[in-house]
Amino acid sequence: MKVAVSFIKSLYDEKKTIELIDSTSADYIHVDIMDGEFVSTKNYDFSDIKAFMEGINKLLDVHLMVRHPLDYIKDYASLNTKQIIFHAEADEDIYETINKIHSYGIKAGLAINPDTPVEQIEKYLDLVDTVLVMSVYPGKGGQKFIPESSDKIKELNNYSDFLIEVDGGVNKDTIDLTIGADMVVSGSYVCESQDYEKAIESLRN
Ligand code: DX5
Ligand code: ZN
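Residue numbers (numbering that gives the first Met the number 0): 0 to 204.
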């Protein structure tokens with residue numbers, strides 16, 4: 000099980016949080032971007048993220064919770080980015096968005112909200128590298144894992160050729176509900192702990 004760590008809810012400021020994550024065995028830093036339209040909160044500008052990532056070694060897993068993901072891809076592709084994830088519910092052509100991400104040699108992930116059925120994205124499953132199952136409604140860290148997300152992970156396992164990532168409310172008590180996933184995102188559970196590495200290890204075991 001791979002682990003990506005989100006830094007939006009932490010005991011420390013972003014810079015210190017990201018440095019602490021960088022010193023752990025986490026597979027990726029998960030970068031949550033909110034535009035104030037697709038979700039009610041607006042958080043960082045690209046210039047903020049660029050400054051946070053100076054001197055950071057880990058690869059980025061960028062999660063665009065935005066209405067117009069096409070506008071963000073060029074910027075985020077210029078960082079040390081492994082994957083860019085956008086939402087099936089956004090106002091953008093899904094084929095065009097996947098192609099644009101791939102044109103930078105970056106993996107493309109398609110996220111679905113808890114109330115979006117797998118059938119709605121079936122025709123894109125051959126094209127994406129990852130499906131991100133949201134196990135909370137997007138918009139903030141520290142929410143409770145929605146148990147029905149487990150059924151969606153099982154359903155996605157009937158298909159092949161893409162990875163399954165789960166995001167929201169993942170901690171040592173809910174990790175068993177993510178069985179069948181290849182990667183989890185954990186935010187507050189890791190970043191509000193005293194020992195990031197110990198928290199990450201507890202998700203892997
Ligand atoms: C939710 C974000 C998640 C979130 C994860 O809007 O996409 O990545 O920050 O944080 P926790 O683990 O606290 O739910
Ligand atoms: Zn996220």
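Yeah, the Cβ is synthetic: ideal placement off N, Cα and C, and Gly gets one too.
Use the C-beta contact count for G35: other C-beta atoms within 10 angstroms, 16 or more gives buried, fewer gives exposed.
Exposed, because fewer than 16 other Cβ atoms sit within 10 Å of the Cβ of G35.
Does the beta carbon of K57 fall short of 6 angstroms from some heavy atom of ligand 1?
K57: no, Cβ never under 6 angstroms from ligand 1.
Whole angstroms is fine: what's the gap from E164's alpha carbon to V183's?
Using only the alpha carbons, I get a separation of about 5 angstroms.
Can you find a heavy atom of ligand 1 that lies under 6 angstroms from the Cβ of P68?
Because no heavy atom of ligand 1 lies under 6 angstroms away, the Cβ of P68 does not count as near it: no.
For the alpha helix (DSSP H) holding Y254, just list the boundary residues, first then last.
Examination of residue 254 is not possible in this model, given that the chain is present from 0 through 204 alone.
Does the Cβ of K171 lie closer than 6 angstroms to at least one heavy atom of ligand 3?
Looking at this structure, you won't find ligand 3 anywhere; what it does contain is ligand 1 and ligand 2.
Kindly indicate the opening and closing residues of the beta strand (DSSP E) around K106.
Segment 106-111, the beta strand (DSSP E) holding K106.
In three-state DSSP terms, what is Q82?
If DSSP states are grouped into helix, strand and coil, Q82 belongs with the strands.
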